[in-house]
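Participant:
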Amino acid sequence: MNWAARAREAAQAVQRIVARTPEVAVILGSGLGALAEEVSSDAIIAYDEIPHFPRPSVEGHAGRLVVGTLEGRSVAVMQGRAHFYEGYTMAEVVFPVRVLHALGARVLVVSNAAGGLNRQWRAGDLMVISDHINFMGANPLVGPNEAEMGPRFPDMSEAYDKDLVALAEAAALDLRISLRKGIYVGVSGPSYETPAELRMLARWGADAVGMSTVHEVIAARHAGMRVLGLTAITDMATGEVVAPVSHEEVLAVARELEPRFVRLVRRIVATLPA
1461 MNWAARAREA AQAVQRIVAR TPEVAVILGS GLGALAEEVS SDAIIAYDEI
1511 PHFPRPSVEG HAGRLVVGTL EGRSVAVMQG RAHFYEGYTM AEVVFPVRVL
1561 HALGARVLVV SNAAGGLNRQ WRAGDLMVIS DHINFMGANP LVGPNEAEMG
1611 PRFPDMSEAY DKDLVALAEA AALDLRISLR KGIYVGVSGP SYETPAELRM
1661 LARWGADAVG MSTVHEVIAA RHAGMRVLGL TAITDMATGE VVAPVSHEEV
1711 LAVARELEPR FVRLVRRIVA TLPA
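All residue numbers for the sequence shown refer to this note's numbering, where the first residue is 1461 and numbers rise by one.
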């Protein structure tokens, strides 16, 4: 069975539980799961109820798909994600994106927690992603291309939709929420980066570094979805001041800024054009 057929099978399983067709899909990163609680849900589906769906094993990723309405829009919200470093293949990691597309979503809002490389920023900042660097050592489109999912060589010149970036900036301004804009670099993990690696990534022009997102965005753009990316800066990873970092600390900072993140995403969803 190819990946397109598996995506259809998984989407059909979801549709047997809930008939709603989502306009917008949201993937919630580490410590950012509270937005799912804001959805007026028709159904809350554990990932293990969806055929072929990868199950996260990391704290801060509940592993539930919430389908319903948010700000009057039909949404499908992933409360947590699986990661490449958990041992899944790239194709398995991006499979949920393909299912969301098969369900009908054409806009993807993807979020993550990441280390800040920009020395002018601080832990607790929110960032809208303007572009990314794939330094994960893999691409989810490697292998035979399934034409029904997208072209062999998808264009990535505008991985993150400029109109959606502008909409996010306008929403943040309206809510008086400080919102940075920058470049996200994805690494495979699970070990955190060395100081030398962090300095290298900063010299490349990256503003934040994390272990997710880029492969999901590649799969979404392959399918023709419009993408908006949001990052929670949970620690400063400049490589200059060497300080140990832990996943527990990352989650703590993410949960501290989570109310701002929820308000921002709600306003973005509310102001999306039909």
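For glycine and all other residues, C-beta sits at the position ideal for the given N, C-alpha and C.
Among residues of its own chain, excluding the 5 on either side of D1508, which ones have a beta-carbon nearer than 8 Å to its beta-carbon?
Facilitator: In the sequence shown, the residue the question calls residue 1508 occupies position 48. Cβ neighbours of D1508 beyond the five flanking positions: R1515 and G1523.
Participant: Is Y1507 helix, strand or coil by DSSP?
Facilitator: Reading the sequence shown from its first residue, position 47 is the one you call residue 1507. In the structure shown, Y1507 sits in a helix (DSSP, three-state: H, G or I).
Participant: Could you give the DSSP three-state label for Q1472: helix, strand or coil?
Facilitator: One-based indexing of the sequence shown puts residue 1472 at position 12. Q1472 falls in the helix class under three-state DSSP.
Participant: Hey, how far is the Cα of F1555 from the Cα of A1467?
Facilitator: Numbered from its first residue, the sequence shown carries residue 1555 at position 95. Numbered from its first residue, the sequence shown carries residue 1467 at position 7. If I take the Cα positions, the gap works out to 7 Å.
Participant: DSSP three-state label for T1654, please.
Facilitator: Working through the sequence shown from its first residue, we reach residue 1654 at position 194. Looking at T1654 - three-state DSSP - the assignment turns out to be coil, as it is neither helix nor strand.
Participant: Report, in whole angstroms, the separation of the C-beta atoms of I1487 and R1566, which I expect to be a contact under 8 Å.
Facilitator: For the purposes of this step, residue 1487 is taken as the residue at position 27 of the sequence shown. For the purposes of this step, residue 1566 is taken as the residue at position 106 of the sequence shown. With a Cβ gap of about 15 Å, I1487 and R1566 do not count as contacting.
Participant: Could you work out which residue in G1646, A1631 and V1526 is closest to L1639 when comparing CA atoms only?
Facilitator: Within the sequence shown, the letter at position 179 stands for residue 1639. Closest option to L1639, Cα to Cα, is A1631.
Participant: With distances taken Cα to Cα, identify the nearest neighbour of A1536 among G1610, A1626 and E1498.
Facilitator: Your numbering for residue 1536 matches position 76 in the sequence shown. Looking at the Cα atoms, E1498 is the closest of the given residues.
Participant: Would you tell me roughly how many angstroms separate the C-alpha atoms of E1718 and I1504, rounded to the nearest one?
Facilitator: Along the sequence shown, read from residue 1 onward, the residue named residue 1718 stands at position 258. Along the sequence shown, read from residue 1 onward, the residue named residue 1504 stands at position 44. In a straight line, the C-alpha of E1718 is about 21 Å away from that of I1504.
Participant: Compute the distance between the beta-carbons of I1589 and R1723, then report whether it is under 9 Å.
Facilitator: Along the sequence shown, one-based indexing puts residue 1589 at 129. Along the sequence shown, one-based indexing puts residue 1723 at 263. No, Cβ-Cβ distance for I1589 and R1723 is not below 9 Å.
Participant: Can you give me the start and stop residues for the alpha helix (DSSP H) that L1563 sits inside?
Facilitator: If you number the sequence shown from 1, residue 1563 lands on position 103. Counting along the chain, the alpha helix (DSSP H) containing L1563 begins and ends at F1555 to L1563.
Participant: What residue range does the beta strand (DSSP E) around V1569 cover?
Facilitator: Walking along the sequence shown from the start, residue 1569 turns up at place 109. Run containing V1569: V1567 to G1576, per the beta strand (DSSP E) assignment.
Participant: Short of 8 Å in beta carbon distance, which residues of its chain neighbour H1675, apart from the five on each side in sequence? Order them along the chain.
Facilitator: Stepping through the sequence shown from its first residue, residue 1675 is reached at position 215. Result list for H1675: F1544, M1550, V1553, V1554, N1594, M1596, A1598, N1599, P1600 and G1646, in chain order.
Participant: Run through the DSSP bridge pairs and tell me what K1596 is partnered with.
Facilitator: As a first step, residue 1596 must be located in the sequence shown, where it is residue number 136. The amino acid at residue 1596 is misidentified as Lys; the sequence shows Met. None, per the DSSP bridge assignment.
Participant: Would you report the Cα separation of R1681 and P1655, rounded to the nearest angstrom?
Facilitator: Counting from one through the sequence shown, the residue named residue 1681 turns up at place 221. Counting from one through the sequence shown, the residue named residue 1655 turns up at place 195. Those two C-alpha atoms are separated by around 32 Å.
Participant: Taking the alpha-carbon positions, what's the L1527 to V1484 distance?
Facilitator: Along the sequence shown, read from residue 1 onward, the residue named residue 1527 stands at position 67. Along the sequence shown, read from residue 1 onward, the residue named residue 1484 stands at position 24. The sequence shown places Val at residue 1527, rather than the Leu named in the question. Those two C-alpha atoms are separated by around 10 Å.
Participant: Taking G1665 and V1677 to be in contact with their CB atoms under 8 Å, please state how far apart those CB atoms are, rounded to whole angstroms.
Facilitator: Taking the first residue of the sequence shown as position 1, residue 1665 is located at position 205. Taking the first residue of the sequence shown as position 1, residue 1677 is located at position 217. Contact doesn't hold; Cβ gap of about 17 Å is too wide.
Participant: For the candidate residues M1685, F1513 and A1479, whose alpha-carbon lies nearest to that of G1610?
Facilitator: Sequence index remark: in the sequence shown, residue 1610 carries index 150 (1-based). For the residues M1685, F1513 and A1479, the minimum Cα distance to G1610 belongs to M1685.
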